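Below is one structure, written out as structure tokens; comments come after it.
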Amino acid sequence: MHGSTQNETFGEKNHAGQRKLVLCGNTAWGMLNFRKDLILALLRHGHAVTVLAPPAPESEGLEALGAKFIEIPINSKGTNPLVEAQCAREIHTVLKALRPAFVFSFTIKSVIYCGIACRLLNITHVPTITGMGSVFINKSWVTNVAIALYKIACVRARTVFFLNESDLDFFVESGIVDADRARIIPGEGIDVQHFAPRPAAVGNSTRPFRFLYCGRILAEKGFLELIEATRSLFRSGLAFEMHVVGFADWDNPSAIRRQQLDEWAAEGLIFFHGPSNDVRPWIADADCIVLPSYREGLSRILLEAAAMECPMIASDVPGCREIVRNDRTGFTFAPRSTHSLADCMARVLQMPSAEIKQLGINARRMVLDEYSNGIVAQSYLSLF
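Its first residue numbered 684, the sequence shown is counted upward by one per residue in the numbering used here.
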């Protein structure tokens, strides 16, 4: 790469006609699976892209796209102050050497450490707040620490992107970011060709109706309410299957124990399939996806299901209600309410198959109009 000048910090192109851009996240997997199309769009527009993330096999996939990959020791669950300080120093060292025109950060630690480094180095920083996470769902003294660190990291950010209005309002009202620098973007982009409509499954008389839960198996995702709603509907005599695809994040305090999952499976409440690197076959074989989460940034699994014309049931919370629109793409229910969730599931079970199919058609149209990867990439490209 050519040497940098001070003007590149403010978005000037370097001598090769490129801007040097850095994208930083807490996993290479997330950068490849959630931001692949953004990276490709930036590369197609002639920019030089470097991705910062912990070492992982997915780094090869990022490099295959045409991006440079640099390892950083960020750990989303780490709490050792010395280790965290070392990570922050390494990010500062990398950015000082690269002197990129823009740094785009994703996930809480990336946003904070990149924000501090960019402030010290006078580099343009554009964080994306992908969600509030358990730190804000289960409020404690850690919440206040996170707010203070966010203020330091975002005070000089050029623009702060949010995935839903509720998160934006919280950051503005907490004094973390000024309203004129806060913007909503339509998620992280969905490849509507990759997540294509599924074969017609609704009304398949050879098997029971299939609900699907797909995601981390945590209490804060509403999994306990899902189990109780399923048990209630079985007791009422309704016939269906509840399939579960995902993993228990054992480092998360709200993780569901594997032994408990096995007990529920033995009871006949769920079919537990474990994690999957490709959710499309599971969505294609489902009649309706269920997400009882307490809060999301903007639910990726709901957007993927919608793109595949799968109807949805989700809690009426930020990050879900934007996608699940009552009587149009699915149904929402009162958060943390087993009774409300069971009512929604029963309603879908009793609907004519043609009406369920129409919900799926409406859902894909919504994704095409509002959430496709091209629309999201343009939000970032518009900064240049």
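Every residue, glycine too, gets a C-beta built ideally from N, C-alpha and C.
Every value quoted in this text rests on a predicted model; they were computed, and no experiment measured them.
| query | result |
| --- | --- |
| Nearest neighbour of Thr-813, chosen from Ser-959, Phe-845 and Ala-829 [CA to CA] | Phe-845 |
| Closest residue to Val-875 among Leu-1064, Phe-1067, Tyr-1054 and Val-1000 (Cα-Cα distance) | Tyr-1054 |
| Bounding residues of the alpha helix (DSSP H) (the contiguous stretch that carries Lys-792) | 791 to 804 |
| Simplified DSSP state of Glu-992, which is helix, strand or coil | coil |
| Nearest-angstrom beta carbon gap, Cys-1003 and Ile-667 [assumed within contact, 8 Å] | This structure cannot settle anything about residue 667, because the visible part of the chain is limited to 684 through 1067. |
| Complete alpha helix (DSSP H) runs within the region 720 to 805 (minimum length 4 residues, chain order) | 741 to 748, 764 to 781 and 791 to 804 |
| Pick from Ser-982, Glu-987 and Thr-1012 that is closest to Lys-1068, judged by C-alpha positions | Residue 1068 is absent from the structure shown; the chain starts at 684 and stops at 1067. |
| Neighbourhood of Gly-761 by C-beta, 7 Å cutoff - its chain only, sequence neighbours within 5 removed | Glu-767 |
| Where Glu-848 falls: helix, strand or coil (DSSP) | helix |
| Contacting residues, own chain, Cβ-Cβ under 8 Å from Pro-882 (five flanking each side not counted) | Ala-967 |
| Same chain, Cβ closer than 6 Å to Ala-653, five either side skipped, listed in chain order | Because the chain is modelled from 684 through 1067, residue 653 falls outside the range shown and cannot be assessed. |
| Neighbour-count burial assignment, Phe-693, 16 or more Cβ in a 10 Å radius | Note that Phe-693 has pLDDT 37, beneath the 50 cutoff, so the model's placement of it is unreliable and the number below is only indicative. Counting Cβ neighbours within 10 Å, Phe-693 comes out exposed, since fewer than 16 surround it. |
| Segments of 4+ residues assigned as alpha helix (DSSP H) that fall wholly inside the region 849 to 925 | 906 to 918 |
| One or two residues paired with Gly-1013 in a DSSP bridge | Met-995 and Asn-1009 |
| Strand pairing of Phe-955, partner residues [DSSP] | Val-927 |
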